[in-house]
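Below is one structure; the comments refer to it alone.
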Amino acid sequence: MINIMVMQYLYSDNKLLKDPKSIFCKLCTRLNRDILNAEYKPIAEMGKNPNITNPVRDLLIIIVFGGLVYSVAVLTEAHEVIDTWVGDRRFAGLHLDEVFILLIYCGFAFAVFGMRRWREASREIVLRKQTEAYLQESESKFRNLSERSVAGIYLIQDDKFRYVNPVLARIFGYSVTEMKDILGPEDVTLPVDWPLVRENLRKRVSGESDSANYSFRGIKKNRDVIHVEVYGSRTQFLGRPAVIGTLLDITDRIRAAERLHHALEESQRRQNEISAMLETLKQREEQLIRQSYDLAARNADISILYKVSSAINRTIDMDELFPNILNTIFEIDLLKVERKGGIFLVNGDKMTLIAHTGCQDNFTENHRNMKVGMCLCGLVAETGEIIISENSDNDCLHTLRYPGMACHGHIILPLKTADTVVGVLFLYLPANSRIDEKIMQTLISVGNLIGIAISNSLLYEDTKTLSLRDPLTKVANRNLMNVELEKNFARAKRFESPLSVIMLDLDNFKKFNDTYGHTAGDKLLVDTAAILLKEVRETDVVVRYGGEEFLVLLPEAEIGDACEIAERIRKSVEDTAGVTISIGIAAYSSGIQKGRDLIKKADEALYHAKRNGKNRVEVYKG
Numbered sequence: 085m086i087n088i089m090v091m092q093y094l095y096s097d098n099k100l101l102k103d104p105k106s107i108f109c110k111l112c113t114r115l116n117r118d119i120l121n122a123e124y125k126p127i128a129e130m131g132k133n134p135n136i137t138n139p140v141r142d143l144l145i146i147i148v149f150g151g152l153v154y155s156v157a158v159l160t161e162a163h164e165v166i167d168t169w170v171g172d173r174r175f176a177g178l179h180l181d182e183v184f185i186l187l188i189y190c191g192f193a194f195a196v197f198g199m200r201r202w203r204e205a206s207r208e209i210v211l212r213k214q215t216e217a218y219l220q221e222s223e224s225k226f227r228n229l230s231e232r233s234v235a236g237i238y239l240i241q242d243d244k245f246r247y248v249n250p251v252l253a254r255i256f257g258y259s260v261t262e263m264k265d266i267l268g269p270e271d272v273t274l275p276v277d278w279p280l281v282r283e284n285l286r287k288r289v290s291g292e293s294d295s296a297n298y299s300f301r302g303i304k305k306n307r308d309v310i311h312v313e314v315y316g317s318r319t320q321f322l323g324r325p326a327v328i329g330t331l332l333d334i335t336d337r338i339r340a341a342e343r344l345h346h347a348l349e350e351s352q353r354r355q356n357e358i359s360a361m362l363e364t365l366k367q368r369e370e371q372l373i374r375q376s377y378d379l380a381a382r383n384a385d386i387s388i389l390y391k392v393s394s395a396i397n398r399t400i401d402m403d404e405l406f407p408n409i410l411n412t413i414f415e416i417d418l419l420k421v422e423r424k425g426g427i428f429l430v431n432g433d434k435m436t437l438i439a440h441t442g443c444q445d446n447f448t449e450n451h452r453n454m455k456v457g458m459c460l461c462g463l464v465a466e467t468g469e470i471i472i473s474e475n476s477d478n479d480c481l482h483t484l485r486y487p488g489m490a491c492h493g494h495i496i497l498p499l500k501t502a503d504t505v506v507g508v509l510f511l512y513l514p515a516n517s518r519i520d521e522k523i524m525q526t527l528i529s530v531g532n533l534i535g536i537a538i539s540n541s542l543l544y545e546d547t548k549t550l551s552l553r554d555p556l557t558k559v560a561n562r563n564l565m566n567v568e569l570e571k572n573f574a575r576a577k578r579f580e581s582p583l584s585v586i587m588l589d590l591d592n593f594k595k596f597n598d599t600y601g602h603t604a605g606d607k608l609l610v611d612t613a614a615i616l617l618k619e620v621r622e623t624d625v626v627v628r629y630g631g632e633e634f635l636v637l638l639p640e641a642e643i644g645d646a647c648e649i650a651e652r653i654r655k656s657v658e659d660t661a662g663v664t665i666s667i668g669i670a671a672y673s674s675g676i677q678k679g680r681d682l683i684k685k686a687d688e689a690l691y692h693a694k695r696n697g698k699n700r701v702e703v704y705k706g
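Adding 84 to a residue's 1-based position in the sequence shown gives its number in our numbering.
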């Protein structure tokens, strides 16, 4: 009966277990009021029907009827007839004619009251039938809602399931008949979690808490462990405390969370590696800022260092860092330099012009292959000492000249970090200019700041390389490949421009490794990558796809161009490295929707090349 009332209550409010917790918490206090008002309102209103006999009205009818009988008897002199019949007999002090009239009056009264009771009995029968119909409807609602519910529904009393719906039985792998009145919550709970479940049931049965929401691990019939979440509430069943509630299988959600947690841990591990490198950058930046602040307190000239350090701190990317440094130095009036100069990076005995402003094309061409020790900049890189040249025409150390070079002066600074020259800064001065000692000391400090910035920038570039380049072969890894593939595929799809992909695999690489060792195998991979970089165009992207597999993205390359490049690569690897390779080629067409599909087609072509004898080039033919 309680189950019927519960589901009647849920159904009448049309809540359908959307918030089981709040429903079960409020159910016990609202059950009688809501159900009687909502479901049995028609029954209660039947008592208000004006057609039902009113006792006061019946009494008035009897009195009026008695008066009418008595009046008729008097008017018709019926008492004289009765007197003649009965004489002067009396009963209980009343004349018999009066007794006779009283009996008629009482008989009518009993008839009226009897009719009223008969009507009431008839209506009570109708009420009972209607009540039975309402109860059957409630039972039907309960059954439909329970069987169609997405959640398991249960009622527990005396540590047994007194009711379970089919959903709950399926969750644990039983049938309803196998669970109802036979199994209890302990039978479907993992032993280690049973104390938690038992304590929650005890609190609700004892009245310490009206409702609860918690999760635990359950055991299915086949002994599989599942994760479930429970919403339960205290109730009464057959006059005694019980627990009623819903149960959801959250195993998939828990396992998805665990997979996500493992993925996050792996991501965090990789992030920590990068963070460690970035922490080094941060510490060096903090060191740079501290140095800048310390120098700023010494004299007014330190504003130069502050401006340079501010330019350095704006970015760590080389493409932006060095132009920022040059522009800042040009704007410092105290130095009185022309808006012309540049920065060399020193790598071993080579010097690379990484940034410049105001230099003519013949100057950049003349300084393209600078060596340490050449001209003034090379001497600074070699000695690590600042050079001030007042007049280029009279300076015999100014050995690199070009047509149209005007007479000028120079400030050339070594850019150091940890006493190592990592770069050279050259600035132009008007001819025959002089620089005092104070400015020279400030410029040396500027060189140190820029040297630290170069070191940080190189470390940053190394960090980017680690994330985008294969550490062994130094070609792009799959992270960079994904970026380039997405960019080039989008361009090809939008403008219908050519795009080809070459996939190649070293034939019998495992045998090579087993025969010559992994060191020789690594060298072969490095040599192969070098050959690929040599044979492709500058716009092409060489990728180490995995193991002994390489991939080449060929933007703006038709299938014929890709075949020529592939054949050239195959011959070069065979002639130079002494091994053979198999190559598969695929080209973009309008039917290909994703870049990954293009790679798959190239991989299929590579598979055919392997199957057809290796050391060959195959084109995907659809």
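For every residue, glycine included, the Cβ atom is placed at its ideal position computed from N, Cα and C.
- Taking C-beta atoms as the reference points, Lys685 and Tyr704 count as a pair closer than 7 Å.
- Relative to the Cα of Arg700, the nearest Cα in the group Thr623, Asp591 and His602 belongs to Asp591.
- Distance check between Asn297 and each of Val272, Asn597, Val327 and Glu270 places Val327 closest, using alpha-carbon atoms only.
- Taking a 10 Å sphere around the C-beta of Thr504, we find fewer than 16 other C-beta atoms and assign the residue as exposed.
- The continuous alpha helix (DSSP H) containing His692 extends over residues Gly679 to Arg695.
- As summarised for the region 518 to 582, the continuous alpha helix (DSSP H) elements at least 4 residues long and confined to that stretch are 521 to 552 and 562 to 579, given in chain order.
- Three or more beta-carbon pairs separated by less than 8 Å are not found between the region 428 to 442 and the region 475 to 482, which leaves the two stretches without contact.
- The residues Lys287, in chain order, have a CB closer than 6 Å to that of Ser293 in the same chain once the five nearest residues on each side in sequence are set aside.
- By the criterion of a C-beta distance shorter than 7 Å, Ile495 is surrounded in its chain by Val421, Ile472, Leu511, Leu513, Ile519 and Leu527, once the five residues flanking it on both sides are discounted.
- Only residues of its own chain outside the window of five on either side were considered, and among them Phe256, Gly257 and Ile310 have a CB closer than 7 Å to the CB of Lys304, listed in chain order.
- Contact annotation, Ala670 with Ala689: C-beta distance approximately 6 Å; criterion of less than 8 Å satisfied.
- At least 7 Å separates the beta-carbon of Gly462 from that of His440.
- Under the rule that a run must span 4 or more residues, the alpha helix (DSSP H) segments found entirely inside the region 594 to 669 read 602 to 619 and 643 to 661.
- Here Ile413 is not bridged, per DSSP, to any residue.
- Taking the C-beta atoms as reference points, Ala576 is found nearer than 7 Å to Leu583.
- Within a 10 Å sphere around the beta-carbon of Pro275 sit fewer than 16 other beta-carbons, which makes this residue exposed.
- An exposed status is given to Gly697, since fewer than 16 other beta-carbon atoms sit within 10 Å of its beta-carbon.
- Under the DSSP assignment, Leu332 falls in the beta strand (DSSP E) whose first and last residues are Arg324 to Asp333.
- A residue is called buried once 16 or more other Cβ atoms fall within 10 Å of its Cβ, and Met524, having fewer, is exposed.
- With fewer than 16 other Cβ atoms from the protein chains shown falling within 10 Å of its own Cβ, His345 counts as exposed.
- In the structure shown, the three-state DSSP call for Phe321 is strand.
- In this structure, the alpha-carbon of Cys190 lies about 14 Å from that of Met199.
- In this structure Leu497 does not touch Ile538 by the C-beta definition: roughly 12 Å separates them, more than the 8 Å allowed.
- According to DSSP, residue pairing for Lys698 in a beta bridge does not occur.
- According to the DSSP assignment, Met435 belongs to the beta strand (DSSP E) that extends over Lys434 to Thr441.
- Between the beta-carbon of Leu533 and that of Leu372 there is about 6 Å, and that keeps the pair under the 8 Å contact cut.
- Here the alpha carbons of Ser541 and Ser394 stand approximately 15 Å from one another.
- For Gly462, the enclosing alpha helix (DSSP H) starts and ends at Cys459 to Thr467.
- For Thr261, no pairing in a beta bridge is given by DSSP.
- Contact between Ser656 and Glu619 holds, since their C-beta atoms are separated by about 6 Å, short of 8 Å.
- Under the three-state reduction of DSSP output, Val421 falls in the coil class, being neither helix nor strand.
- Minimum Cα-Cα distance from Gln677 among the listed residues Thr603, Leu322, Arg578 and Thr501 corresponds to Arg578.
- In the displayed model, Gln444 falls within coil according to three-state DSSP, outside both helix and strand.
- The region 401 to 417 makes no contact with the region 484 to 495, as fewer than three CB pairs between them are under 8 Å.
- Distance between Gln367 and Ser529, taken at the CA atoms: about 19 Å.
- Setting aside the 5 residues that flank it on each side, Glu568 is surrounded in the same chain by Val625 and Leu637, each with a C-beta closer than 6 Å to its C-beta; the list follows chain order.
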